[in-house]
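The numbering of the sequence shown is numbering that gives the first Met the number 0, which starts it at 0 and goes up by one.
These notes are about the structure you will find just below.
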Amino acid sequence: MDTHYDVIVIGAGPGGYVAAIRAAQLGLKTVCIEKWVKDDGSPSLGGTCLNVGCIPSKALLESSYKFREAKDELGIHGIVVNNEDLTINIAEMMHRKNKVVAGLTKGISGLFKVNKVKQLSGIG
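See the structure below:
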């Protein structure tokens, strides 16, 4: 394993992954160290914001807003929803949230690959 790098970025959150990519684009040999791992043990880029903070919260909020819109606001458009049959499937909401997070973390991983940023799991 090569242990010489020009730049070591601690954390692959919104600031860290952008810094790592830019350093690599400037020709510096760059590694980014991230502590987040998925349930299967594989690395999960994006930091707190993407893995458990901002993005998952916003995905769940959007689903909740859709429920409230169906329940309380569609009637003004002439769309009638029988509120007795309107339910929330929490498992499906969580599945959608997980897909959103997975897609974005995969995107960061792809950017690392294209820009030749090495990623390591760990704490700095």
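C-beta: ideal position from N, C-alpha, C; glycine also.
What you are looking at is a predicted structure, and each value in this text was computed from that prediction instead of being measured.
Query: C-alpha distance - H3 paired with N50, whole-angstrom precision; Result: 29 Å
Query: As assigned by DSSP and simplified to three states, the class of V99; Result: helix
Query: Same chain, Cβ closer than 7 Å to F66, five either side skipped, listed in chain order; Result: I87
Query: Cut-off 7 Å between Cβ atoms - residues of its own chain near M92, not counting five sequence neighbours on either side; Result: L59 and S62
Query: Inter-residue Cα distance where the pair is N82 and V8; Result: 51 Å
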